[in-house]
Amino acid sequence: MSLSGALSSAISALSAQSSAMAMISDNIANSSTVGYKTTSASFQSLVTSASSATTYSSGGVTTLSKSNISEQGLLTTTTSATDIGISGNGFFPVTTALTGGSTLYTRAGSFTIDDSGYLVSSGGAYLLGWRTDADGNVVGSADSNNLEPINTTVATTSGSASTETDFALNLPSDAATNATFTSSMSVYDSLGTASSIQVTWTKTGTNTWSAAFGNPTLSSDSTKSTGTRTGSATITFNEDGSLASQSATTITVDWTTGAAASTIALNFGTVGGTDGLTQKASGETTPTIDLTSIESNGLAYGKLSSIAVGDDGKVNATYSNGETIAIYKIPVATFTAPDELQAQSNGLYAATAASGTAVVQASGTNGAGTIEGGELEASTSDTNSEFSNMISAQQAYSAASQVITAVNKMYDTLMSAMR
1094 MSLSGALSSA ISALSAQSSA MAMISDNIAN SSTVGYKTTS ASFQSLVTSA
1144 SSATTYSSGG VTTLSKSNIS EQGLLTTTTS ATDIGISGNG FFPVTTALTG
1194 GSTLYTRAGS FTIDDSGYLV SSGGAYLLGW RTDADGNVVG SADSNNLEPI
1244 NTTVATTSGS ASTETDFALN LPSDAATNAT FTSSMSVYDS LGTASSIQVT
1294 WTKTGTNTWS AAFGNPTLSS DSTKSTGTRT GSATITFNED GSLASQSATT
1344 ITVDWTTGAA ASTIALNFGT VGGTDGLTQK ASGETTPTID LTSIESNGLA
1394 YGKLSSIAVG DDGKVNATYS NGETIAIYKI PVATFTAPDE LQAQSNGLYA
1444 ATAASGTAVV QASGTNGAGT IEGGELEAST SDTNSEFSNM ISAQQAYSAA
1494 SQVITAVNKM YDTLMSAMR
């Protein structure tokens, strides 16, 4: 029994070291794999109940694999605006299909935009996120039920209507009654069409003026009308030249471009510490208005030019008109026992009963890691350590094989004695 036990123990050692070598081989092979987490071998002895003080019955050894999924890899800067990494706990949630897919999790943040506009991993999984408004606020509830594949085509163009115009200019108090002056204001309709509206300033009496607004014309061609407007304003000033009152606070524009009608607020007062409308003497023989600025909000039509993920997990769309808006927010999924996740190909993990259910939350909140834009998490495999482990496994395997050789010779000796 002792010889057979020795042989059995040696064979178990060969099997255990083979398993350890397989794990080491995987770790070395994936030393450059983004987001890869090492697997290490844990050896445990096997004993039998037949052993006693006078007899020994060998048991052997077995090996278990330990997944080091929660180990943090080094974050390295990349040149891709859609590469992301996590500093701390958590995973990126992904789905295997646009409809009916399985939700999986990954630390490999090398995402690209596919032909349909979706952010996908190198293995083809779709990154999940929350839809946001232009200010980056999540639309609806920030939970797992509200996640959807991130599709950058939800905002391929931009453009917004003007809703307010700020005036900063001086009307000459030394102008004659009925004297007129003109300026123009640039505005946008809801389709992003840029138009110009001429403003005619007429002095109607002491400290009183009127502002008449012309019909809008195309900014690039003043001969082409883009709509009609209604509204004008009577303006009065105090004796120190400051604005006293205005009879109208808005004008309405009915567009012929196909855009919705616009109501534009007229801000003649102080804007950002700068006086709006004033009435001071020009000191000129022929008085003129002194224009500081006339600025309207709104944006011209623009096409999507780039997508980038910010450090807070916001997916930002930038357009040819210079506008940048948030379209999605990427959450971080955390687990009670992340090392108990089930590893799959392409750096993906599946939740298990032992790992617990995923909890999705915003980057950097409630213990979740922080999303870092333009960075990737390197493999946690250390080739120096793995080579050291490989030599140890090789030596143990060779030693076990020598035991088998020795046992074989002992069997030969026994058989020779019995002949």
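Basically the numbering used here = 1-based index in the sequence shown + 1093. A virtual CB, placed ideally from N, CA and C, is assigned to each residue, including glycine. All of these numbers come straight from a predicted model, not from anything done at the bench.
Residue burial is scored here from C-beta neighbours: Ser-1509 has fewer than 16 other C-beta atoms within 10 angstroms and is therefore classed as exposed.
If you draw a 10 Å sphere on the C-beta of Asp-1259, you find 16 or more other C-beta atoms in it, and that means buried. The three-state reading of DSSP puts Asp-1282 in coil, since its state is none of H, G, I, E or B.
Per DSSP, the continuous alpha helix (DSSP H) segment holding Asp-1505 begins and ends at 1476-1511. With a beta-carbon spacing of about 33 Å, Thr-1476 and Gly-1449 fall beyond the 8 Å limit used to define contacts. In this structure, Glu-1468 sits near Gly-1178, with a CB-CB distance shorter than 8 Å. Given a length threshold of 3 residues, each whole run of the beta strand (DSSP E) inside the stretch 1247-1316 is given here in chain order: 1250-1253, 1257-1265, 1273-1281, 1287-1298 and 1301-1306. Between the beta-carbon of Val-1408 and that of Pro-1186 there is about 14 Å, and that puts the pair past the 8 Å contact cut. C-alpha of Ser-1209 to C-alpha of Thr-1246: approximately 8 Å in a straight line. In the three-state reduction of the DSSP assignment, Pro-1431 falls in the helix class. For Ile-1243, the secondary structure class from DSSP, reduced to helix, strand or coil, is coil.
CA-to-CA, the gap between Gly-1166 and Gly-1217 works out to about 22 Å. In summary, Phe-1480 is exposed, with fewer than 16 beta-carbon neighbours lying within 10 Å of its beta-carbon over all protein chains present. Between Thr-1427 and Ala-1461, the beta carbon gap of about 5 Å places them in contact (Cβ cut-off 8 Å).
Annotated three-state conformation of Ile-1387 is strand, per DSSP. DSSP places Ser-1325 within a strand segment (E or B) once states are collapsed to three. Take Ser-1138, set aside five residues on each side of it, and the residues of its chain with a beta-carbon closer than 7 Å to its own are Gly-1152 and Val-1154, in chain order.
Each residue's CA atom was taken as its position, placing Lys-1296 and Thr-1310 some 25 Å apart. Taking a 10 Å sphere around the C-beta of Glu-1470, we find 16 or more other C-beta atoms and assign the residue as buried. Just measuring C-alpha positions, the residue of Gly-1285, Asp-1228 and Thr-1169 sitting nearest Gly-1395 is Gly-1285.
The DSSP-derived three-state label of Ile-1382 is coil. The straight-line gap separating the alpha-carbon atoms of Ala-1451 and Ser-1289 is approximately 54 Å.
Counting only residues of its own chain and dropping the five nearest sequence neighbours on each side, Thr-1473 has a CB closer than 6 Å to the CB of Lys-1130, Thr-1131, Glu-1164 and Gly-1166.
Beta-bridge analysis with DSSP links Ser-1338 to Thr-1329.
Two segments are said to touch when three or more pairs of C-beta atoms, one from each, lie closer than 8 Å; by this definition the stretch 1221-1234 does not touch the stretch 1324-1332. Between Thr-1301 and Gln-1372, the alpha-carbon positions lie close to 9 Å from each other.
In terms of Cβ geometry, Ala-1401 and Ala-1174 form a close pair [threshold 8 Å].
Ranking Trp-1294, Tyr-1211, Ala-1268 and Phe-1136 by CA distance to the CA of Gln-1110 puts Phe-1136 first. Using a C-beta cut-off of 8 Å, the stretch 1348-1361 makes no contact with the stretch 1375-1386, since fewer than three inter-stretch Cβ pairs fall below that distance.
Residue state for Leu-1100 is assigned as helix, using DSSP reduced to three classes.
With contacts defined as CB atoms closer than 8 Å, Ile-1243 and Leu-1212 qualify as a contacting pair. Counting only runs that start and end inside the stretch 1116-1202, the beta strand (DSSP E) elements of at least 3 residues fall at 1132-1139, 1153-1160, 1168-1170, 1177-1180, 1185-1188 and 1196-1199. According to DSSP, Ser-1398 shares a beta bridge with no other residue.
Per DSSP, Tyr-1412 is one residue of the beta strand (DSSP E) stretching across 1407-1412. With contacts defined as CB atoms closer than 8 Å, Asp-1267 and Ala-1337 fail to qualify as a contacting pair.
Non-local C-beta neighbours of Met-1483 in its own chain, meaning closer than 6 Å and more than five positions away in sequence, comprise Ile-1117, ordered along the chain.
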